[in-house]
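Mapping the sequence shown onto numbering that gives the first Met the number 0, position 16 (from 1) lands on 15, and the numbers just tick up by one. So the structure is just underneath, and the comments pick up after that.
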Amino acid sequence: MNEKPAQRSAGAPNDPTTAARLRAVVTTAWVAGVFSAFVCGALVWNSFGMLAANPVDAQSIGALKTHLAKRPNEEKLKRQIRAKDLQLRQAFFRRQRLASAGGYLLLAGIVVMLAAMKSAGALLKRRIRPKRRGKDSLRERSPGRPALLGMGAVLGLAAVAVILPGRLSFLEAVAEKDPSGKDSVPTEAEVRQQWPQFRGPFGLGVAGSAELPVSWDVNSGQGVLWKTEVPLPGNNSPVVWGDNVFLTGATDKAREVFCVDAKSGAVRWHTPVNEVAQRPAKPREVMEDAGYAPATCATDGRRVYVTFPNADVACFDLDGKQVWARGFGWPNNSYGHASSLAINENLLFVLIDQGTADDHASKLYALDTATGSTAWEKPRPVGSSWATPVLVPIKDKPQLVTIADPWVIAYDPKTGEELWKAECLSGDIVPSPTLAAGRLVATEPYNRAVALKTDGHGDVSKSAVAWEGDEGIPDIASPVGNDLFLFAVATEGWVVCYDAVQGKKLWEKELELTVHASPIIVGDKLLIVSNEGTVVVLGVGGEPKEIARMELGEKANATPAVVDGRLYLRGVKHLFCLGTK
Numbered sequence: 000m001n002e003k004p005a006q007r008s009a010g011a012p013n014d015p016t017t018a019a020r021l022r023a024v025v026t027t028a029w030v031a032g033v034f035s036a037f038v039c040g041a042l043v044w045n046s047f048g049m050l051a052a053n054p055v056d057a058q059s060i061g062a063l064k065t066h067l068a069k070r071p072n073e074e075k076l077k078r079q080i081r082a083k084d085l086q087l088r089q090a091f092f093r094r095q096r097l098a099s100a101g102g103y104l105l106l107a108g109i110v111v112m113l114a115a116m117k118s119a120g121a122l123l124k125r126r127i128r129p130k131r132r133g134k135d136s137l138r139e140r141s142p143g144r145p146a147l148l149g150m151g152a153v154l155g156l157a158a159v160a161v162i163l164p165g166r167l168s169f170l171e172a173v174a175e176k177d178p179s180g181k182d183s184v185p186t187e188a189e190v191r192q193q194w195p196q197f198r199g200p201f202g203l204g205v206a207g208s209a210e211l212p213v214s215w216d217v218n219s220g221q222g223v224l225w226k227t228e229v230p231l232p233g234n235n236s237p238v239v240w241g242d243n244v245f246l247t248g249a250t251d252k253a254r255e256v257f258c259v260d261a262k263s264g265a266v267r268w269h270t271p272v273n274e275v276a277q278r279p280a281k282p283r284e285v286m287e288d289a290g291y292a293p294a295t296c297a298t299d300g301r302r303v304y305v306t307f308p309n310a311d312v313a314c315f316d317l318d319g320k321q322v323w324a325r326g327f328g329w330p331n332n333s334y335g336h337a338s339s340l341a342i343n344e345n346l347l348f349v350l351i352d353q354g355t356a357d358d359h360a361s362k363l364y365a366l367d368t369a370t371g372s373t374a375w376e377k378p379r380p381v382g383s384s385w386a387t388p389v390l391v392p393i394k395d396k397p398q399l400v401t402i403a404d405p406w407v408i409a410y411d412p413k414t415g416e417e418l419w420k421a422e423c424l425s426g427d428i429v430p431s432p433t434l435a436a437g438r439l440v441a442t443e444p445y446n447r448a449v450a451l452k453t454d455g456h457g458d459v460s461k462s463a464v465a466w467e468g469d470e471g472i473p474d475i476a477s478p479v480g481n482d483l484f485l486f487a488v489a490t491e492g493w494v495v496c497y498d499a500v501q502g503k504k505l506w507e508k509e510l511e512l513t514v515h516a517s518p519i520i521v522g523d524k525l526l527i528v529s530n531e532g533t534v535v536v537l538g539v540g541g542e543p544k545e546i547a548r549m550e551l552g553e554k555a556n557a558t559p560a561v562v563d564g565r566l567y568l569r570g571v572k573h574l575f576c577l578g579t580k
């Protein structure tokens, strides 16, 4: 009697289900391998694109720099180099972001391929291997061998993709410097779109952005993008570059610099700032209104620079690591040192006016931003002051302007050469100068505003005065202007608008507020922050027009910052970001 063949159970070695599973996982391994190979090829192509976009080796910049070596004073050529450098850097870092995203895709593809191959190996062990030899037998015994070869090829390409970015990361570090070994510097266009120092671009109080949020409510949260507590007090203003907001805080026992994420408000890092200058046996007193962190820091988007009443200056990288520190000794200043830092290209400016003019102790320093070493220093024929230097762009050649009793002095920021000076001020000078209708405007507290021409040479005390005004002159807040108007806000809350060309008073308005923070211009709006925390928005025009009035919910003494339509306000306890995006 013939016996019926035994029926195969599911999962038996030669069961069709097992064979189907084997085919499926081998196919999956192949698909994942092809996907990984494609991603790997794209990464290699992108890597060579990064090499082509490398600012260090760019032939176009090299040719321009060759021309610059022959014509070192040609400003137009310098601007072309900076613009081309910025274009190449943007392309370089776009490709770097693509490489980072592609790396994750490659990893996912390889993981899927390896998992499928492992499953294929397990299924192969369950199959019955025939004893016959030949091509068909070999193919049947080793269905995963092509996948193994494919994996080897993918992993080889992956190694190339890993090695090239490693080399490019080195090039990126090199690309931060030009071939001469000096730090690259931000272009003027970059600076105008950021808020790099006290009162923004060049320290003049005019935002590069024309957008200003004028409808927000802290209580309801309308228009409040984020609100972050600042652990240490300080009257200094926030500075902003890209996604970073920097500010400092201090007490008599602690000093710190903070970096806040501009998008989320999260504190990215906060780093203690140790004292460099040796404390005198009897420490200088600090005015309560000024506090232990009155001076605003500065940034060039590469690093951040901070200073305190003892004239310590320190530099930190974007990860919060201290790069260098300098101590200039406690200034002999009756109200405490409070001048903020100014920055231009690769130079950081530290103004230390102290004592009286007869002491011959006041100096202006230019420090190399990368090392903190002194690039140049100039003695100043003045006593104590509390104003901050400003950069005045005149005919594509900036002037570094300082004011103190009795001199307004303009320097060449690159060399420290004195360009012109005018004897026209007296008293304790706190407000910083500004630019209006092409004139440098300086104020003498409570007394007068003086508009000076900036194209003179030497002592221009008798020839540079374009006009003077004597109404609504501030003693703390700095004036601000544009091509048509000049605005001055007195501590008592009086706002006065002048014709910036003729010096005629156009209007005045009483806010019924106390104001220490400096006003800023954003497009066609004037923004004023009061000590009470009331924020007032006025129209920039020939007639007084109040557009909005909002409450911050806490007191405030710091000048605001505006970048890309976002308003950054520092209260006594919190840092606010207001806007719609």
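Ideal placement from N, C-alpha and C gives every residue a C-beta, glycine not left out. If you're wondering where the values come from, they're calculated on a predicted model, not measured in any experiment.
- Annotation for residue 191: the continuous alpha helix (DSSP H) segment containing it runs 187-191.
- Around the beta carbon of residue 338, a 10 Å sphere encloses 16 or more other beta carbons of the protein chains shown; the residue is thus reported as buried.
- Residue 379 sits in coil when the DSSP states are folded into three classes, being neither helix nor strand.
- Residue nearest to residue 365 within the set 97, 345, 242 and 446 is 345 (criterion: CA-CA distance).
- Secondary structure in the segment 255-280: the beta strand (DSSP E) runs of 3 residues or longer, each lying completely within the stretch, are 266-271 in chain order.
- Beta-bridge annotation (DSSP): residue 447 is paired with 443.
- Going by beta carbons, residue 578 and residue 208 fall outside the 7 angstroms limit.
- Per DSSP, reduced to three states, the secondary structure at residue 117 is helical.
- Closest option to residue 349, judged by alpha-carbon separation, among 415, 405, 188 and 394: 415.
- The beta carbons of residue 382 and residue 426 sit no closer together than 7 angstroms.
- In the three-state reduction of the DSSP assignment, residue 358 falls in the helix class.
- Using a Cβ distance threshold of 7 angstroms, residue 202 and residue 341 count as a contacting pair.
- An exposed status is given to residue 216, since fewer than 16 other beta-carbon atoms sit within 10 Å of its beta-carbon.
- Going by DSSP, residue 549 is part of the beta strand (DSSP E) stretching over 545-550.
- Shortest Cα-Cα distance from residue 532 to any of 258, 418, 557 and 403 involves 557.
- The continuous stretches of beta strand (DSSP E) do not include residue 287, and DSSP gives it neither H nor E.
- For residue 308, there is no enclosing beta strand (DSSP E), as DSSP marks it with neither H nor E.
- Taking a contact as a CB-CB distance under 8 angstroms, the pair residue 193 and residue 239 counts as one, their CB atoms being some 6 angstroms apart.
- About 6 angstroms separates the beta carbons of residue 483 and residue 499, which is inside the 8 angstroms limit, making them a contact pair.
- Secondary structure of residue 79 (DSSP, three-state): helix.
- Each of 334, 308, 333 and 315 was checked against the Cα of residue 327, and the nearest Cα belongs to 308.
- When C-alpha distances from residue 491 are compared across 478, 472 and 481, the shortest belongs to 472.
- Per DSSP, reduced to three states, the secondary structure at residue 215 is coil, with no helix or strand assignment.
- Taking the Cα positions, residue 430 is about 52 angstroms away from residue 101.
- Residue 213 places its beta carbon less than 7 angstroms from that of residue 546.
- In the three-state scheme derived from DSSP, where H, G and I count as helix and E and B as strand, residue 493 is classed as strand.
- When secondary structure is reduced to three states using DSSP, residue 45 falls in the helix class.
- The criterion of a C-beta distance shorter than 7 angstroms is satisfied by residue 24 and residue 115.
- Nearest in C-alpha terms to residue 445, of all of 452, 459, 487 and 455, is 487.
- The residue from 368, 390 and 403 with its alpha-carbon nearest to that of residue 361 is 403.
- With respect to residue 310, residue 293 sits apart: the two C-beta atoms are not nearer than 7 angstroms.
- When the five nearest sequence neighbours on each side are left out, the beta carbons in the same chain lying within less than 6 angstroms of the beta carbon of residue 436 are those of 482, 499 and 500, in order along the chain.
- Taking every protein chain shown into account, the CB of residue 485 has 16 or more other CB atoms within 10 angstroms, so this residue is buried.
- In this structure, the alpha-carbon of residue 296 lies about 9 angstroms from that of residue 256.
- Residue 400 and residue 433 have their C-alpha atoms spaced approximately 9 angstroms apart.
- Out of 455, 539, 204 and 462, the CA that lies nearest to the CA of residue 394 is found in 455.
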